[in-house]
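A.B. asks:
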Amino acid sequence: MSTSTPPYRGRFAPSPTGPLHLGSLLAALASWLDARAGGGQWLVRIEDLDPPRVVPGASDAMLRTLEAAGLCWDESVWYQSARTEAYDEALHQLAGTGTLYSCRCSRREIADSALTGIEGPVYPGTCRARPADLAAAFALRVGTSATPIAFTDRLCGVIAHCLERDTGDFVVRRADGIAAYQLAVVVDDAAQGITDIVRGADLLASTTRQIHLQRLLDVPTPRYAHLPVLVDAAGDKLSKQTGARGIGPAEVGPALRQVLALLGLPAPPEDLPPREIPAWAVRHWRIDRIPRGLLRAEESRPVPTPSDQRMP
Ligand code: GLU
């Protein structure tokens, strides 16, 4: 019996909650370089599922910055806001596995009764015996079990979680009817035939929940590489919340050069136009050369984190 490996398909999946900043450029560039170095395709998907968080104009601005940075994508850009039917279909499929249920608990009730897990309170399973009513305005949760879910990350090594203990049953559709990130990302990665995911380590704790859903929905599990988190001078994760500066098309050259240095790549020739920098960098790309530990934006060098056991 012969099994063939599907050709590499990577992606960048930003949430349009503000302009592209150094942290998101790092994820975009690393996933682009990994795809192109592997002779693969690279897709862009805008994760605009949560209307109150979407900033008008942000997705167009991000796409213009990606273009100015020479990060050309294949196929047309997908928008999660146009994918509601696919998420509903997946919810019906999950309901068919008997693992879905409606949850009427308030945030407060959960916080009061829960232990803290790998990402906030662990849902104690209060509503587990309820049926899944897809038409009602209640959240829908998927059941988890005590069996560990493990995967080998290309950068972080073996990661294993026992979801029942580490997150509890988790929300796949919110009470307002919007598909949760964990469900939408799994449905879309499968629908787009994504084989390789390169993204920030802030999503490392989500991956085992996504693998759980992939198994229930009977879709393949991609390979994963979680990049070190970029922090600012104060040691805070670079994000819109901590005031990371947006990168417009005009600032993209210095930003690309800084991000390449952070990723452990050599400096491109001084006179190379920004748009040509990624294509130049492809031949120097080695994912195993990415420094471990946190990356500090201003200093362009890694800061070791002895307490971070996940980074070998
Ligand atoms: N939309 C997510 C974010 O901007 C990324 C999702 C992913 O790469 O899986 O943080």
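Using this note's numbering, you'd call the opening residue of the sequence shown number 1 and step up by one each time. Built from N, CA and C at the ideal position, the CB exists for glycine as well. Small disclaimer: the values here were computed from a predicted structure and weren't measured.
1) Can you give the Cα-Cα distance for ARG209 and ARG174, rounded to whole angstroms?
2) Enumerated in chain order, which unbroken segments of the beta strand (DSSP E) with a length of 3 residues or greater are wholly contained in the region 158-186?
3) May I ask whether a heavy atom of the ligand GLU can be found less than 6 angstroms away from the beta carbon of GLU325?
4) So within the region 190-236, which uninterrupted alpha helix (DSSP H) runs reach at least 4 residues, ignoring any that extend past its ends?
5) Can you round the beta-carbon distance between ALA68 and PRO249 to whole angstroms, since I take them to be within the 8 angstroms contact cut?
6) Where PRO124 and VAL252 are concerned, what is the direct C-alpha to C-alpha distance, given to the nearest angstrom?
7) Suppose the cutoff is 7 angstroms on Cβ atoms and the five residues either side in sequence are ignored; what does the same chain contact list for GLU119 look like?
8) Using 8 angstroms for Cβ pairs, my map puts ALA297 next to LEU230. What's the rounded Cβ distance?
9) Could you tell me the alpha carbon to alpha carbon distance between VAL186 and GLN80, rounded to whole angstroms?
10) Below 6 angstroms, is the gap between the Cβ of ARG199 and the nearest heavy atom of the ligand GLU?
11) If we ignore side chains and look at the alpha-carbon of each, how far apart do ASP288 and PRO56 end up?
12) Could you spell out the range, first to last residue, of the alpha helix (DSSP H) harbouring LEU22?
13) Using 7 angstroms as the threshold, is the C-beta distance between ALA90 and ALA132 below it?
14) TYR87 lies in the alpha helix (DSSP H); which residues open and close that run?
15) Distance, Cα to Cα, PRO121 vs LEU49?
16) Just to confirm, does PRO220 get its C-beta within under 6 angstroms of one of the non-hydrogen atoms of the ligand GLU?
17) Would you tell me roughly how many angstroms separate the C-alpha atoms of LEU115 and ARG165, rounded to the nearest one?
18) Given that a residue counts as buried once 16 or more other Cβ atoms are within 10 Å of its Cβ, and exposed if not, what is ARG199?
19) Assuming ILE247 contacts LEU22 under a Cβ cut-off of 8 angstroms, what Cβ separation, rounded to an integer in Å, is found between them?
20) Please check the pair ALA150 and VAL158, which I expect to be a contact at CB under 8 angstroms, by giving their CB distance rounded to whole angstroms.
21) If you draw a straight line from the alpha carbon of LEU213 to that of THR221, how long is it in whole angstroms?
22) Cβ of VAL172 within 7 angstroms of Cβ of VAL219?
C.D. replies: Let me lay it out:
1) 16 angstroms
2) 170-173
3) Here the chain has residues from 1 to 312 only, and residue 325 is not among them.
4) Within the region 190-236, the complete alpha helix (DSSP H) runs of at least 4 residues fall at 204-217.
5) The pair is a contact, with the Cβ atoms about 4 angstroms apart (cut-off 8 angstroms).
6) 46 angstroms
7) Excluding residues within five positions, the ones whose Cβ falls inside 7 angstroms are THR167 and ALA205.
8) Confirmed, Cβ separation roughly 6 angstroms.
9) Approximately 12 angstroms between the Cα atoms of the pair.
10) yes
11) Roughly 37 angstroms separates the two Cα atoms.
12) 22-37
13) No; because the gap between Cβ atoms is not below 7 angstroms, this pair is not in contact.
14) 84-96
15) The alpha-carbon separation between PRO121 and LEU49 amounts to approximately 23 angstroms.
16) no
17) 9 angstroms
18) buried
19) 7 angstroms
20) About 6 angstroms; that satisfies the 8 angstroms criterion.
21) Computed Cα separation, rounded: 10 angstroms.
22) The criterion of a C-beta distance shorter than 7 angstroms is not satisfied by VAL172 and VAL219.
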